[in-house]
Amino acid sequence: MTENIRLIPAKDTYPLRHDVMWPNMPINYIMLPNDEQGTHFGLFVNDALISVVSLFIENNEAQFRKLATANKEQGKGYGSRLLSHLIAYAVGEKVDKIWCNARADKKEFYARFGFITTNTVFTKHKIDYVVMEKMIIR
Numbered sequence: 002m003t004e005n006i007r008l009i010p011a012k013d014t015y016p017l018r019h020d021v022m023w024p025n026m027p028i029n030y031i032m033l034p035n036d037e038q039g040t041h042f043g044l045f046v047n048d049a050l051i052s053v054v055s056l057f058i059e060n061n062e063a064q065f066r067k068l069a070t071a072n073k074e075q076g077k078g079y080g081s082r083l084l085s086h087l088i089a090y091a092v093g094e095k096v097d098k099i100w101c102n103a104r105a106d107k108k109e110f111y112a113r114f115g116f117i118t119t120n121t122v123f124t125k126h127k128i129d130y131v132v133m134e135k136m137i138i139r
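Going by our numbering, the first residue of the sequence shown is number 2, and it counts up by one from there.
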């Protein structure tokens with residue numbers, strides 16, 4: 002089994018984003034207006050795309066969005082490895098903070114990577130979210 006993480010075009014993230022995050026919405030729902038300005042990563046196992054995430058850097062802050070792992074592959078550590086890769090990449094880009102809009106039921110996952118829950122919470126399509134952030138200390 003070969004596993005690797007590589008840069009991919011935004012459009013290659015769309016099928017997984019759609020299947021995992023919002024399968025009952027039209028596919029354009031998972032497309033971001035600034036996708037073309039982002040850096041997109043894919044984790045592949047034997048050339049099959051298993052997990053994706055998108056990173057957007059602005060003003061020394063990095064927001065990652067749309068972390069999605071194929072439903073049948075969840076719980077195997079793929080998302081964790083991809084997030085670790087993304088964090089290392091963002092640190093290499095000299096950002097001061099990395100943040101995300103985390104689904105509230107995934108807070109513990111992000112906390113394992115040093116993300117702290119902020120007071121910013123919101124609900125979208127009956128799903129609760131919380132902004133989580135990780136400050137980068139140099």
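Backbone N, C-alpha and C define an ideal beta-carbon position, used for all residues, glycine too.
Q. How would you write the range of the alpha helix (DSSP H) that residue 14 sits in, first residue to last?
A. Its alpha helix (DSSP H) spans residues 11-22.
Practice prompt. Output the distance between the C-alpha atoms of residue 30 and residue 23, rounded to the nearest integer angstrom.
Written response: Rounded to whole angstroms, residue 30 and residue 23 show a C-alpha spacing of 8 angstroms.
Coil, strand or helix - residue 39 by DSSP:
Looking at residue 39 - three-state DSSP - the assignment turns out to be coil, as it is neither helix nor strand.
* Asked: Under three-state DSSP, which class holds residue 58?
  -> It is a strand residue.
Notebook entry, point to check: Who does residue 7 pair with in a DSSP beta bridge?
Noted result: For residue 7, the pairing in a beta bridge is given by DSSP as 43.
query: Are residue 135 and residue 115 closer than 8 angstroms when you measure CB to CB?
result: Contact: yes.
- Query: If you draw a straight line from the alpha carbon of residue 45 to that of residue 107, how long is it in whole angstroms?
  - Reply: Their backbone Cα atoms lie some 23 angstroms apart in a straight line.
request  = Less than 8 angstroms between the CB atoms is what I'm expecting for residue 8 and residue 40, so what's the real figure, rounded?
outcome  = Right, the Cβ-Cβ distance comes to about 7 angstroms (below 8 angstroms), so this counts as a contact.
Quiz item: Using the rule of at least 16 other Cβ atoms within 10 Å of the residue's Cβ for burial, across every protein chain shown, is residue 88 buried or exposed?
Solution: Under this definition residue 88 is a buried residue.
Item checked: Burial state of residue 42 (16 or more Cβ within 10 Å) -> Answer is buried; the Cβ neighbour count reaches 16.
> Where do the N-terminal and C-terminal ends of the beta strand (DSSP E) with residue 130 fall, by residue?
Replying inline: That run of the beta strand (DSSP E) goes 128-136.
Inset, instruction - Indicate the three-state DSSP secondary structure (helix, strand or coil) for residue 63 in the structure shown. - result: Of the three classes helix, strand and coil, the one that applies to residue 63 here is strand, per DSSP.
Looking at the secondary structure, which residues open and close the alpha helix (DSSP H) in which residue 88 lies?
For residue 88, the enclosing alpha helix (DSSP H) covers residues 79-93.
Beta-carbon gap between residue 17 and residue 69 smaller than 8 angstroms
Residue 69 is positioned such that its CB atom lies closer than 8 angstroms to that of residue 17.
**OP:** Would you mind reading off the limits of the beta strand (DSSP E) that contains residue 110?
**Re:** Following the DSSP letters along the chain, one finds residue 110 in no beta strand (DSSP E) but inside the alpha helix (DSSP H) bounded by residues 108-112.
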